[in-house]
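Chains F and L are the protein sequences, given in the same order.
Numbering of the first sequence is given in the working numbering, commencing with residue 1 and proceeding in unit increments.
Numbering of the second sequence is given in the working numbering, commencing with residue 1001 and proceeding in unit increments.
A short write-up of the structure that comes next.
Protein chains: 2
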Amino acid sequence: MVTLRDVAERAGVSPAVVSAAISGRSGNVRMSEATRQRVNEAIRETGYRVNHAARSLRTARTGVVSAVVPKLSNPVFEHVIRGIQDQVSSDGGVLMLADAEWLTPDSHLLTRLAARGMTDGFLVRRAQLGDDTIDALEAMQVPCVVLAGPDGTHPSVWVDDRAGIRCATSHLLALGHRRIALVGGLQLPAGRSDSRLLGFHDAFAEAGVAASADLHRPVGYAHPDIRRAVTELLATEQPPTAIVADNVTVAPAVYFALAEAGLRVPEDVSVVAYHDIATVDMMWPPLTTVRMPLREAGAQAARMLTTLIEGERAGGTILEGGAELVARSSTAPPA
Amino acid sequence: MVTLRDVAERAGVSPAVVSAAISGRSGNVRMSEATRQRVNEAIRETGYRVNHAARSLRTARTGVVSAVVPKLSNPVFEHVIRGIQDQVSSDGGVLMLADAEWLTPDSHLLTRLAARGMTDGFLVRRAQLGDDTIDALEAMQVPCVVLAGPDGTHPSVWVDDRAGIRCATSHLLALGHRRIALVGGLQLPAGRSDSRLLGFHDAFAEAGVAASADLHRPVGYAHPDIRRAVTELLATEQPPTAIVADNVTVAPAVYFALAEAGLRVPEDVSVVAYHDIATVDMMWPPLTTVRMPLREAGAQAARMLTTLIEGERAGGTILEGGAELVARSSTAPPA
DNA sequence: CTGAAAGCGCTTACAG
DNA sequence: CTGAAAGCGCTTACAG
């Protein structure tokens, strides 16, 4: 194995010079262009590559950031990851991804990842990770940014869910819908304000229309639950003429329930989904969605983590604005 | 920061004893149960956690394995990843995930990951990664297992695509279909045998039926291409009565094209897709698929990588069998 | 502008 | 059964 020392000998300089040439950091070393060239040549000739472990040990910094994502195959989160990756990479770091299912408070993975020298910090999604795991992380004093709305305790970054749902709902109201259902999403414990429900009501207030409060179904994100909720809504005396899907991932279940009931989209029922992913225009009919600046949220979170790693404090941030309606074919005026 | 030395002092033993107690490896150290308990107590009291960088530097082993996956949100690959994760984790290692898009032959990420001391080895998918990146990896002498059929050069593991497509095709033949199209998949360069097309023909041969060779459309996996291919097939003089989707991810595009043409599934056209993912029963009608032992393939690949890391050679493996038809509602006898 | 030396925290022969 | 010592490969003050 080629070491820095070997390169130094070959170039006829001391290890310190090679180290400076590699890192770019000057430190106390100021070298001539000729020397730098000689070093680079020696590196090329020997095929030298820096030993990451040795560097980490010495600098007490790994340059690795770990993102723990809810579910790898969740297409919504893919955008966030891309934002994180771009930022981490342009900062010269490496992003390490793990599935949240693997990470429990006393899992092997958490222990290993949070061991010093493996990762400088974590990006996690609170909703799916569980507060206990995040607390465990905190107890280990590992810098950690939560991808979710502020909760007053952890540094956090997220998009404006309230504005997003408002955007979706306003679109339906503008089309003339009045009986609008909000389907999916978690039933929050009393006291924790539900930003999505707030956004739903914002839209009605803005339009000067009384909200159809009986049409809120926070039944989670499991497909059977979504299907049942929609089926039940359709069976009521005054069924909704439009549905806001709290998350694009549940839209297929909404379509499914509608098809089972023999209803057409958008002739009989309009559907808008929160969050935009590329593949929804493959649904039939193509789904109207609300696009959020998820990639920007990821980048912002990565930046906040860097701040944290460098020892500064950070609070909770919600990215303002950025909600944008992507009109496709699943919404129309009520019959 | 608490070091191993601190723990040793507290427990009244030498660092060597603490090291042995942690790693479980006895080495030359044989310690009494009382000593071991004292050490464990000291670890708990001090909150000591091993420094991964130091250990890696010393042992020249990181315990980290990197998987470079085609596309994070590809639900098919999710199963493979799970298999990898299970195996790596039960071997006491850590799995690091990266998106193939990030990894190009001279990308920052490749350089950093392949730097010594960051990762012991790689699991990569050839199809999407590009041979040049794999060659770069090889030039760096990083142990590397390819998730794909054997190509004679790289150690590799994959499921039996030929058997999988045969299973799907046989199902349609058994239902009475004769005009069967195979849609999607890559157009391989001449000379490289296409295991999927072979499987397609196997099924016809087995059924004693002449294959409908004019119905093979290896147009890749892009949704517009799939849609166009299906639309064109439907416009021919003798359109297919059934379609095998080369990959489940293109099934929505097939449904889309069928819906556009005003055809019903399965009354007018039957559809089977290769690979099974949980969400396909949310499609309307629920999609019949072929399930493959993808998780097992992932585990097997991880095991092979460990072998490679330990310095032994390895060849190409195809997991035999395991193809299983999952019948849902998208297939029926021809009208 | 460059070199010699110390030391990051661990593990592993080696000596007792 | 346990301790003292060397050294993994790097970076960083420090001295020149």
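Don't be surprised by glycine CBs; every beta carbon is placed ideally from N, CA and C.
{"query": "In chain F, what lies closer than 9 Å to A1098 (chain L) by C-beta?", "result": "Q85, V94, L95, M96, L97"}
{"query": "Helix, strand or coil, according to DSSP, for R1049 (chain L) in the structure here?", "result": "coil"}
{"query": "Which residues in chain F have a C-beta closer than 7 Å to the C-beta of A1054 (chain L)? List them in chain order.", "result": "L57, G117"}
{"query": "Closer than 6 Å by C-beta to A1242 (chain L): which residues in its own chain qualify, once you throw out the five before and the five after it? Chain order, please.", "result": "L1172, H1177, I1180, S1270"}
{"query": "Just reading off the beta strand (DSSP E) that M1096 (chain L) is part of, what are its end residues?", "result": "1094 to 1099"}
{"query": "Counting along the chain, where does the alpha helix (DSSP H) carrying T317 (chain F) start and finish?", "result": "It is not in any alpha helix (DSSP H) - T317 (chain F) instead sits in the beta strand (DSSP E) that spans 316 to 319."}
{"query": "So which residues on chain F does V1050 (chain L) lean against when the C-beta distance must stay under 7 Å?", "result": "A115"}
{"query": "What does L1308 (chain L) touch in chain F if you count any residue whose Cβ is under 8 Å from its own?", "result": "None at all; the shortest Cβ gap to chain F is about 18 Å."}
{"query": "Let me check understanding here. Comparing Cα to Cα, which of L:G1316, L:L1294, L:A1301 lies closest to E1324 (chain L)?", "result": "L:L1294"}
{"query": "Counting only the same chain and skipping the five closest in sequence on each side, list residues whose C-beta sits under 7 Å from that of L137 (chain F).", "result": "A114, F122, C144"}
{"query": "State the Cα-Cα distance for the pair V80 (chain F) and T1153 (chain L), rounded to the nearest angstrom.", "result": "37 Å"}
{"query": "DSSP beta-bridge partners for Y1274 (chain L)?", "result": "L:V1290"}
{"query": "If you compare alpha carbons, which of F:T35, F:S32, F:R55 is closest to L4 (chain F)?", "result": "F:R55"}
{"query": "Near V18 (chain F), which residues of its chain fall below 6 Å by C-beta distance, leaving aside the five closest residues on each side in sequence?", "result": "L4, V7, A8, V39"}
{"query": "Does any residue of chain L have a CB that is nearer than 8 Å to the CB of M283 (chain F)?", "result": "yes"}
{"query": "Evaluate A163 (chain F) with the Cβ neighbour count: other Cβ atoms within 10 Å of its Cβ, from every protein chain shown; 16 or more gives buried, anything less gives exposed.", "result": "buried"}
{"query": "Identify the continuous beta strand (DSSP E) that holds A1242 (chain L) and give its terminal residues.", "result": "1242 to 1245"}
{"query": "Which residue wins for smallest C-alpha separation from P1239 (chain L), given the options L:V1069, L:T1307, L:D1214, L:A1098?", "result": "L:D1214"}
{"query": "With 8 Å set as the bound, which would you pick, yes or no: does the beta-carbon of T1062 (chain L) sit closer than that to a beta-carbon of chain F?", "result": "yes"}
{"query": "What does a CB cutoff of less than 8 Å around V76 (chain F) pick up in its chain, not counting 5 residues either side in sequence?", "result": "N247, V248, T249, H275, I277, L294"}
{"query": "On a Cα-Cα basis, can you pick out the residue from L:I1043, L:A1060, L:P1015 that is closest to M1 (chain F)?", "result": "L:A1060"}
{"query": "How many Å lie between E33 (chain F) and A20 (chain F) at the Cα?", "result": "13 Å"}
{"query": "Check whether the Cβ atoms of H1052 (chain L) and M118 (chain F) sit closer than 8 Å, and answer yes or no.", "result": "yes"}
{"query": "Considering only the alpha carbon of each residue, which of L:R1058, L:R1010, L:S1023, L:T1062 lies closest to I1043 (chain L)?", "result": "L:R1010"}
{"query": "Can you pull the chain F residues whose beta carbon is under 7 Å from the beta carbon of H1108 (chain L), in chain order?", "result": "S89"}
{"query": "For S89 (chain F), which option in L:A1067, L:W1102, L:I1084 has the closest C-alpha, if you only look at C-alpha atoms?", "result": "L:W1102"}
{"query": "Using a Cβ distance threshold of 8 Å, determine whether the stretch 1184 to 1199 of chain L contacts the stretch 1216 to 1226 of chain L, with at least three qualifying pairs required.", "result": "yes"}
{"query": "On the DSSP letters alone, give me the boundaries of the beta strand (DSSP E) that A251 (chain F) sits inside.", "result": "Per DSSP, A251 (chain F) belongs to no beta strand (DSSP E); it is in the alpha helix (DSSP H), 251 to 260."}
{"query": "Given this structure, state the Cα-to-Cα distance separating T1307 (chain L) from T104 (chain F), to the nearest angstrom.", "result": "29 Å"}
{"query": "Among all the DSSP beta bridges, which residues are the ones paired with L1308 (chain L)?", "result": "Paired residues: none, contrary to the question."}
{"query": "Please list, in chain order, the residues of the stretch 135 to 163 of chain F that have any C-beta partner in chain L closer than 8 Å.", "result": "M140"}
{"query": "Just checking: is the beta-carbon of H223 (chain F) within a distance shorter than 8 Å of some beta-carbon in chain L?", "result": "yes"}
{"query": "Rounding to the nearest angstrom, what Cα-Cα distance links D99 (chain F) and V65 (chain F) in this structure?", "result": "14 Å"}
{"query": "Could you give the uninterrupted runs of the alpha helix (DSSP H) lying entirely in the stretch 1210 to 1239 of chain L, keeping only those of 4 residues or more?", "result": "1223 to 1234"}
{"query": "Indicate whether at least one CB of chain L lies closer than 8 Å to the CB of F256 (chain F).", "result": "yes"}
{"query": "Does the distance from the C-beta atom of L319 (chain F) to that of V159 (chain F) stay below 8 Å?", "result": "yes"}
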